[in-house]
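The structure appears right after this line, and notes come after that.
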Amino acid sequence: MGEPVAGRPSGGKRTEPGAGPNRTGGQTGPLVVACVRIVDLRPHVDPLTGRITRDPAGLGLPAPDAAALEHALRIGEAWSGRVVVAAAGPSPAPGGTPDAVLGELAALGATVVHLAEAGPAVHGRDRDMAETALRHPGTERPAATDSGALWELTADEGALARRIVNALSPFGVPAAVLCGDRSPDRGTGALPGFLAHELGAAQALGAVAVAPGDGHLLVDRRLDGGWRERLRVPCPAVCSVEGGGVRLRRATLPALLAAGPTAVHPAAPVRGGTVDGAREGSGPGPVTLRILGPPRPYRPRTRIVAPPADPDPRIRLLELTGALEAHDPPTVLGPIGAPEAADALVDFLVRHGYLDAPLPGAPARAGAP
Amino acid sequence: MSGATEFDAVVVGAGPAGSAAAIALARAGRSVVLVERGPFPGSKNVYGGVVYGRILDQIVPAWWEEVPVERWIVRRSTMMMTGTQSLSVDYRSQAWADRPYNGMTTVRSRFDRWLAGKATDAGARLVTSTVATGLVRDASGRICGVHTDRGDGDLRARVVVACDGVNSFLAKEAGLLPPAEASHHTLGVKEVLDLPRSVIDERFGLTGDEGTDIEILGCTRGIPGGGFLYTNADTVSVGVVLSLPHLAAAGVRPEELIADLKEHPSIAPYLRGATLREYAAHLIPEGGYDAMPTLATDGMLVAGDAAAMTLAAGIWLEGVNFAIGSGLAAGRAVDRAIGAGDCSAAGLASYRADLEAQFVLADHKRFRRAPSLILSERVQQRYPGFLCDMAEELFTVTNPTPKPGGLRATRIAAARHGVTLRALAADTLRALRVFG
Ligand SMILES: Cc1cc2nc3c(=O)[nH]c(=O)nc-3n(C[C@H](O)[C@H](O)[C@H](O)COP(=O)(O)OP(=O)(O)OC[C@H]3O[C@@H](n4cnc5c(N)ncnc54)[C@H](O)[C@@H]3O)c2cc1C
Numbered sequence: 004m005g006e007p008v009a010g011r012p013s014g015g016k017r018t019e020p021g022a023g024p025n026r027t028g029g030q031t032g033p034l035v036v037a038c039v040r041i042v043d044l045r046p047h048v049d050p051l052t053g054r055i056t057r058d059p060a061g062l063g064l065p066a067p068d069a070a071a072l073e074h075a076l077r078i079g080e081a082w083s084g085r086v087v088v089a090a091a092g093p094s095p096a097p098g099g100t101p102d103a104v105l106g107e108l109a110a111l112g113a114t115v116v117h118l119a120e121a122g123p124a125v126h127g128r129d130r131d132m133a134e135t136a137l138r139h140p141g142t143e144r145p146a147a148t149d150s151g152a153l154w155e156l157t158a159d160e161g162a163l164a165r166r167i168v169n170a171l172s173p174f175g176v177p178a179a180v181l182c183g184d185r186s187p188d189r190g191t192g193a194l195p196g197f198l199a200h201e202l203g204a205a206q207a208l209g210a211v212a213v214a215p216g217d218g219h220l221l222v223d224r225r226l227d228g229g230w231r232e233r234l235r236v237p238c239p240a241v242c243s244v245e246g247g248g249v250r251l252r253r254a255t256l257p258a259l260l261a262a263g264p265t266a267v268h269p270a271a272p273v274r275g276g277t278v279d280g281a282r283e284g285s286g287p288g289p290v291t292l293r294i295l296g297p298p299r300p301y302r303p304r305t306r307i308v309a310p311p312a313d314p315d316p317r318i319r320l321l322e323l324t325g326a327l328e329a330h331d332p333p334t335v336l337g338p339i340g341a342p343e344a345a346d347a348l349v350d351f352l353v354r355h356g357y358l359d360a361p362l363p364g365a366p367a368r369a370g371a372p
Numbered sequence: 004m005s006g007a008t009e010f011d012a013v014v015v016g017a018g019p020a021g022s023a024a025a026i027a028l029a030r031a032g033r034s035v036v037l038v039e040r041g042p043f044p045g046s047k048n049v050y051g052g053v054v055y056g057r058i059l060d061q062i063v064p065a066w067w068e069e070v071p072v073e074r075w076i077v078r079r080s081t082m083m084m085t086g087t088q089s090l091s092v093d094y095r096s097q098a099w100a101d102r103p104y105n106g107m108t109t110v111r112s113r114f115d116r117w118l119a120g121k122a123t124d125a126g127a128r129l130v131t132s133t134v135a136t137g138l139v140r141d142a143s144g145r146i147c148g149v150h151t152d153r154g155d156g157d158l159r160a161r162v163v164v165a166c167d168g169v170n171s172f173l174a175k176e177a178g179l180l181p182p183a184e185a186s187h188h189t190l191g192v193k194e195v196l197d198l199p200r201s202v203i204d205e206r207f208g209l210t211g212d213e214g215t216d217i218e219i220l221g222c223t224r225g226i227p228g229g230g231f232l233y234t235n236a237d238t239v240s241v242g243v244v245l246s247l248p249h250l251a252a253a254g255v256r257p258e259e260l261i262a263d264l265k266e267h268p269s270i271a272p273y274l275r276g277a278t279l280r281e282y283a284a285h286l287i288p289e290g291g292y293d294a295m296p297t298l299a300t301d302g303m304l305v306a307g308d309a310a311a312m313t314l315a316a317g318i319w320l321e322g323v324n325f326a327i328g329s330g331l332a333a334g335r336a337v338d339r340a341i342g343a344g345d346c347s348a349a350g351l352a353s354y355r356a357d358l359e360a361q362f363v364l365a366d367h368k369r370f371r372r373a374p375s376l377i378l379s380e381r382v383q384q385r386y387p388g389f390l391c392d393m394a395e396e397l398f399t400v401t402n403p404t405p406k407p408g409g410l411r412a413t414r415i416a417a418a419r420h421g422v423t424l425r426a427l428a429a430d431t432l433r434a435l436r437v438f439g
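Line by line, the protein sequences are chains A and B. Here the first sequence is numbered in this note's numbering, starting from 4 and rising by one per residue. Here the second sequence is numbered in this note's numbering, starting from 4 and rising by one per residue.
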């Protein structure tokens, strides 16, 4: 794999993706970013009240985010690039689960930037945070709170995207950003779009597979009937990926032991407006598309039939339903026994060409003379 | 392997024993790594529900201010039952409702995490989602670390402390624990049922953070064992503990026995309307003192359930406090051994001496014959019915027939259940000797 084509084809003012200061020990390869969210993967939902109870013990990476990170690591390896994980989640408590999750991320060889959510939902014994408690009394609108659990809902995702891009700015401009395609925490799935906007990047959402190309990403997406489309997405690109397909690697033990809290950088405070150097280009490059057939199973081609020609739309509709064709009138055969009923069905299928006629000498059927 | 980091100690298992060992070591300034297979301490752990916290005084002063407690036990009830009767000895003490408290219900996923937090606070390195898969030995065959299931996953240490729970694979690999003997184990199964807090308070006669512990005999269709019912904040735990070989021979599914218990007329009113939240099962080492493994070998100690240290002596089922006590002792012993530069079995021998000098082995030694008495045929199958019938004889008013009197009531009930007065006297004497 060659280096990605990092900038715009023609001379915009934007910063070259991957360039700029970095905190990763002097590596200068293209910057690949995974945006992940640390959430309670198994919140308890009270069946009667619908109240959601979250517990720090359940914190982890949702499957789509884990897949996004694995893709980012693979792309980073292929491009000899730097991988930064922007991890939104509760503030780490010493020895607590958020700490363990962040430590595990850092041990994967990525630089971890932590966007701390001051989440009452996930600290101490406050496991009984009810979502309703966070709403303004008498309104349906969530209170303006920085609760971790509701952050994505209460603050708009555009703001979240700005915050992420801002936090990434010390590392340079990303060549590729990978996100999960959905959040179990009721995210809207709009974050990658906002990120692409903030970065002036091309975007491809809901990918089943992402492969690094030469200056682009090859992104497979689902189509109906097992078909896939393959997008050639020029860098800088933002991609959201499905949870399946790849499994996040495990950190080695030495890496895990080496990764302490210092391996995690707290994100810089939010700045308003557009992030410096990110969105000054002439807009994302064109995404090209190829449709890929499903490998298997084989399905015969659709038979093309001429559209009904009648000028009356009602008749056209009836023709389409087949209602105007001659049909066998309904036949009452019974009551008859099961073997006779089976014979009648087989006869029907033979009569209409769905089955071959029984060979001469074949054992007599139940109802046969 | 050669590149593996060397620690003073590797503790396997962040249950109560492992965390306690790591706390003792880290506080003594030793480098210690605590390896836990679950994603967080307590994630894999199952128990009934009551922890007797006095041992925590040695770890956190005023621990009750921060421990993740569900309820403080103020009521302990021992219930004997037949299919339709029950007889309880019900004890309540308000002294237990206040500092320094006696027992508490707590959820292991929170309690174990809290305790492991004390170890990391003290400087221990906690590594989760990592399974210790075997022992590392040096050229002389001496244990010097563990293999794990991670890449480059060997951990070298001067001493390995095996706190990996019942049926410890590490203790077996080290040759300390003989192959599992079914008769030394029981199977504990339990359901956690949701009930509103106010309903629990009302039904069990509790206020605020007060809780109840009910231990039950005679609810297991004759399979040696017992049952329990504990109150948590807004759930209750109900379960049975069953002798493994007898359960297998009976061909009964353990959940059927919990269903029986939940339907018993003395239990059902407590649980009406409760909904199932969790079902869990786990082995308990109940062999007691005589079934314990050798506790130390060159470069390795065994603590907690890995060393069969649950005290299951009838009215007592205590494992967590014994695990913490033994873990602390193991940590101290390793510290001393490293200080003396001798981590051989002889250098680690102070571990056993320490345990003998305190409750862990003292209680086990004292009650060493309790398991066989409690799980005996008469105690399990005859006495619950005998005692219930005796109570029924005494309390049934049969006017105009005169009351039978205590002795006659005893004789009638004893005859009905095939209990001879001679056997009764012998068992009473035996019980006095076991528990006296
Ligand atoms: C149904 C039931 C009811 C009980 N009721 C009570 C009660 O009410 N009160 C009470 O005090 N005790 C009770 N006990 C006993 C109590 O649970 C145990 O005595 C206690 O948990 C022992 O603690 P431990 O640390 O030795 O082992 P455990 O609590 O079993 O912890 C062992 C730890 O090691 C980890 N581990 C195991 N193997 C590996 C490996 N290879 N690599 C890495 N990690 C590993 C496990 O994940 C676990 O975290 C009950 C037990 C059961 C089963």
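Glycine included, each C-beta is placed from N, C-alpha and C at the ideal position. Here the structure is a predicted model, which is why all the values come from computation and not from measurement.
Could you spell out the range, first to last residue, of the beta strand (DSSP E) harbouring residue i?
i	result
B/Ile287	Thr278 to Pro288
B/Asp157	Asp157 to Ala165
B/Arg433	No beta strand (DSSP E) contains B/Arg433, which is instead part of the alpha helix (DSSP H) from Leu424 to Phe438.
B/Gly228	Gly228 to Thr234
B/Tyr55	Val53 to Tyr55
B/Phe43	Where B/Phe43 is concerned, there is no enclosing beta strand (DSSP E), given that its DSSP letter is neither H nor E.
Please tell me whether residue i and residue j are closer than 7 Å, where the distance is taken between their beta carbons.
i	j	result
B/Leu279	B/Leu196	yes
A/Ile41	A/Leu72	no
B/Thr223	B/Val241	no
B/Leu314	B/Val305	no
A/Ala240	A/Leu220	yes
B/Asp228	B/Leu245	The amino acid at residue 228 of chain B is misidentified as Asp; the sequence shows Gly. Result yes, Cβ atoms of B/Gly228 and B/Leu245 sit closer than 7 Å.
B/Val14	B/Gly21	yes
B/Thr136	B/His150	yes
A/Pro65	A/Pro187	yes
B/Phe325	B/Val382	no
B/Cys391	B/Val162	no
Please list the terminal residues of the continuous alpha helix (DSSP H) segment that includes residue i.
i	result
B/Cys391	Tyr386 to Phe398
A/Phe351	Ala341 to Arg354
A/Glu328	Note, A/Glu328: premise wrong, no alpha helix (DSSP H); not H, not E.
A/Ala357	Looking at the sequence itself, residue 357 of chain A is Tyr, so the reference to Ala does not match. Unbroken run through A/Tyr357: none, as it is neither H nor E.
B/Leu331	Val323 to Ala343
B/Ser353	Ser353 to Ala360
B/Phe207	Arg200 to Phe207
B/Lys121	Arg111 to Asp124
A/Asp223	From DSSP, A/Asp223 is part of no alpha helix (DSSP H) but of the beta strand (DSSP E) over His219 to Arg225.
B/Arg372	That residue, B/Arg372, is in no alpha helix (DSSP H); it is neither H nor E in DSSP.
If you reduce the DSSP assignment to three classes, tell me which class residue i lands in.
i	result
B/Arg265	Note on residue identity: the sequence assigns Lys, not Arg, to residue 265 of chain B. B/Lys265: helix per DSSP, three-state reduction.
B/Gln383	helix
A/Thr157	Reliability fails at A/Thr157, whose pLDDT of 46 lies under 50, so the model's placement of it is uncertain and the value that follows must be treated cautiously. Correct three-state label for A/Thr157: helix.
B/Glu69	coil
B/Val134	coil
B/His367	helix
A/Val168	helix
B/Ala311	coil
B/Trp99	helix
B/Val255	coil
A/Asp131	Caution is warranted here: a pLDDT of 34 is assigned to A/Asp131, below 50, making its placement in the model unreliable, and the coordinate value is therefore given only provisionally. In this structure, A/Asp131 counts as coil in the three-state DSSP scheme.
B/Leu220	strand
B/Glu9	strand
Name, going along the chain, the residues of the region 204-235 of chain A whose beta-carbon falls closer than 8 Å to a beta-carbon of chain B.
Those residues of the region 204-235 of chain A that come within reach of chain B (Cβ to Cβ, closer than 8 Å) do not exist; the list is empty.
At a Cβ cut of 8 Å, what residues of the region 18-51 of chain B count as close to chain A, listed as they run along the chain?
Considering only beta carbons, the part of the region 18-51 of chain B lying closer than 8 Å to chain A consists of Val36, Pro42, Phe43, Gly45 and Ser46, in chain order.
With 8 Å as the C-beta to C-beta threshold (strictly closer), list the residues of the region 144-158 of chain B near chain A in chain order.
If the cut-off is 8 Å between Cβ atoms, the region 144-158 of chain B has Thr151, Arg153, Gly154, Asp155, Gly156, Asp157 and Leu158 near chain A.
Using a Cβ-Cβ cutoff of 9 Å, what residues of the region 103-118 of chain B are near chain A? List them in chain order.
From the region 103-118 of chain B, only Ser112, Arg113 and Arg116 have a Cβ closer than 9 Å to chain A.
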